Amino acid sequence: MPLTDSLREDILASVPNLRAFAISLSGNGDRADDLVQETLLRALANIDSFQPGSNLPAWLFTILRNLFRSDYRKRRREVEDSDGSYAKTLKSQPNQNAHLEFEEFRAALDKLPQDQREALILVGASGFSYEDAAKICGCAVGTIKSRVNRARSKLSALLYVEGADDFGPDDTVRAVIGSSR
Amino acid sequence: MKDSKPSPGKGGLNAEIQSRIGHQLRAMYDDVVRQGVPDRFAELIRKLDGSGQNHPQINPAGDFDAKNSGRD
Chain A
63 MPLTDSLRED ILASVPNLRA FAISLSGNGD RADDLVQETL LRALANIDSF QPGSNLPAWL
123 FTILRNLFRS DYRKRRREVE DSDGSYAKTL KSQPNQNAHL EFEEFRAALD KLPQDQREAL
183 ILVGASGFSY EDAAKICGCA VGTIKSRVNR ARSKLSALLY VEGADDFGPD DTVRAVIGSS
243 R
Chain B
4 MKDSKPSPGK GGLNAEIQSR IGHQLRAMYD DVVRQGVPDR FAELIRKLDG SGQNHPQINP
64 AGDFDAKNSG RD
C-alpha cells in the first residue's frame, strides 16, 4: 500500500518497540539504532508489499529480525558488549544492586542461543502471540513454544541454580530470588 | 515438551523464578520503550514521503539496497 500519513504514524509508533527488540537482540545500543534505521529504510522502500490491515509491528519486526540475523552471520559479534555499554543507554540509571542484577541478567540472556533469545523476547517482552512470533521467525508455533520454554529454563539455570547445587533456602538464594518472606 | 533443566525441584520456587525472569526481561525491554522515538527516526520517517521516491540518500550504511545481493 502507499505510504499514507496514518501508516507513517503507525510506523513511527512502532519505533520504541523496534528499538527495544533490537537492543535486546544485539545487546548494543548503537548497533541497535543502526538496525532500526536500516529496518525503517527497508520498510519504507518496500512499503508497497505491506498488506493493508495486516499486522504492521509483526511486519517491521520480521524485517528487523532478518536484518539482524544476516548482519550477525557477517559480524559474529566482533564487538562484544562486555562492559555494560547497554546499560549506558538507559535513561534511568539503576542503583548499584539493581545494576549488578541487570548486568547479570543481560549476560545470561546473551548466553542463550539466538533462536531461543529472540523467541523469548518476542513472546515475553514484545507481547506477540506465539502465532505472530512464529510468523516473524518463520517457523512453526510449536517450535516457538519449545524455544521459549528452553530459554526460560536456561535463564533460570544460569541465574538461579548454577553454583547453588542443592538450592536450599539459604541467604544467597533468598537474596537472588528477592523473596520478601 | 521436554524439559531438561536442572530444576530446583519445587514447583513453587520454580514458578517464582520464572515470574522473576519475566519481570526482569520486561523491565529491560520497557526501559527502552519508554525512551520514545529518538529525533533521528522521527526525522527519517518524516523526510521520506509517500511518493515512492525512497531513494537511500539518507543512508548511513552506504550500501542499503534491498535488491543488492552482491554484498559481502
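Sequence order for the protein chains is A and B. Residue 215 in our numbering sits at position 153 of the first sequence, with consecutive numbering throughout. Residue 42 in our numbering sits at position 39 of the second sequence, with consecutive numbering throughout. Cβ atoms here follow ideal geometry from the backbone N, Cα and C, with glycine treated the same way. For clarity, every value in this text was computed on a predicted model and none was experimentally measured.
{"Query": "Tell me the rounded alpha-carbon separation between residue 217 of chain A and residue 91 of chain A.", "Result": "22 Å"}
{"Query": "Using a Cβ-Cβ cut-off of less than 9 Å, list which residues of the segment 27 to 52 of chain B approach chain A; keep chain order.", "Result": "27, 28, 29, 30, 31, 32, 33, 34, 35, 36, 37, 38, 39, 40, 41, 43, 44, 45, 47, 48, 49, 51 and 52"}
{"Query": "Thinking C-alpha only, which one of A/89, A/198, A/80 and A/73 is nearest residue 37 of chain B?", "Result": "A/80"}
{"Query": "Determine the burial state of residue 180 of chain A: buried for a count of at least 16 other Cβ atoms within 10 Å of its Cβ, exposed for fewer.", "Result": "buried"}
{"Query": "Which same chain residues end up closer than 8 Å to residue 128 of chain A when comparing Cβ atoms and leaving out the 5 residues on each side of it in sequence?", "Result": "none"}
{"Query": "In angstroms with no decimal places, state the Cα-to-Cα distance between residue 165 of chain A and residue 63 of chain A.", "Result": "42 Å"}
{"Query": "Would you mind telling me which residues of chain B sit closer than 7 Å to residue 73 of chain A, beta carbon to beta carbon, in chain order?", "Result": "48"}
{"Query": "Of all the residues that make up the segment 82 to 95 of chain A, which are near chain B by a beta-carbon distance shorter than 9 Å?", "Result": "82, 83, 84, 85, 86, 91, 94 and 95"}
{"Query": "Does the CB of residue 186 of chain A have a neighbour CB from chain B at under 8 Å?", "Result": "yes"}
{"Query": "So, for residue 71 of chain B: in the same chain, excluding its five sequence neighbours on each side, which residues have a beta-carbon less than 8 Å away from its beta-carbon?", "Result": "For residue 71 of chain B, the pLDDT reaches just 40, beneath the cut-off of 50, and the residue's location in the model is therefore unreliable, although a value from the coordinates is still provided. Result list for residue 71 of chain B: empty, nothing under 8 Å."}
{"Query": "Given that residue 222 of chain A touches chain B, what residues does it touch there, using C-beta distances under 7 Å?", "Result": "20"}
{"Query": "Please classify residue 54 of chain B: is it buried, with 16 or more other beta-carbons within 10 angstroms of its beta-carbon, or exposed?", "Result": "Confidence at residue 54 of chain B is low in this model, with a pLDDT of 47, below 50, so the placement of that residue is unreliable and no value is reported for it."}
{"Query": "Is it the case that the segment 196 to 207 of chain A contacts the segment 104 to 114 of chain A, given that we only count it when at least three CB pairs across the two stretches are under 8 Å?", "Result": "no"}
{"Query": "Taking Cβ-Cβ distances shorter than 7 Å, what residues in chain B pair up with residue 119 of chain A?", "Result": "The premise fails here: residue 119 of chain A is roughly 12 Å from chain B at the closest Cβ pair, so nothing lies under 7 Å."}
{"Query": "If you check the beta carbons only, do residue 214 of chain A and residue 21 of chain B fall under 8 Å apart?", "Result": "yes"}
{"Query": "What's the call for residue 162 of chain A, buried or exposed, on a 16-neighbour Cβ count within 10 Å?", "Result": "exposed"}
{"Query": "So is residue 159 of chain A in contact with chain B if we call contact Cβ pairs under 8 Å?", "Result": "no"}
{"Query": "To test your reading of the DSSP string, which unbroken alpha helix (DSSP H) runs of 4 or more residues are found completely within the segment 64 to 107 of chain A?", "Result": "67 to 88 and 91 to 107"}
{"Query": "What's the call for residue 99 of chain A, buried or exposed, on a 16-neighbour Cβ count within 10 Å?", "Result": "buried"}
{"Query": "Consult DSSP for residue 184 of chain A and reduce its assignment to one of helix, strand or coil.", "Result": "helix"}
{"Query": "Check the Cβ of residue 78 of chain A against every Cβ in chain B and list those closer than 8 Å, keeping chain order.", "Result": "35, 36, 37, 38, 39 and 40"}
{"Query": "In the DSSP assignment, the alpha helix (DSSP H) including residue 221 of chain A goes from what residue to what residue?", "Result": "Where residue 221 of chain A is concerned, there is no enclosing alpha helix (DSSP H), given that its DSSP letter is neither H nor E."}
{"Query": "Are residue 120 of chain A and residue 198 of chain A close, meaning C-beta to C-beta below 8 Å?", "Result": "yes"}
{"Query": "Strictly below 8 Å CB to CB, what residues from chain B border residue 102 of chain A?", "Result": "44, 47 and 48"}
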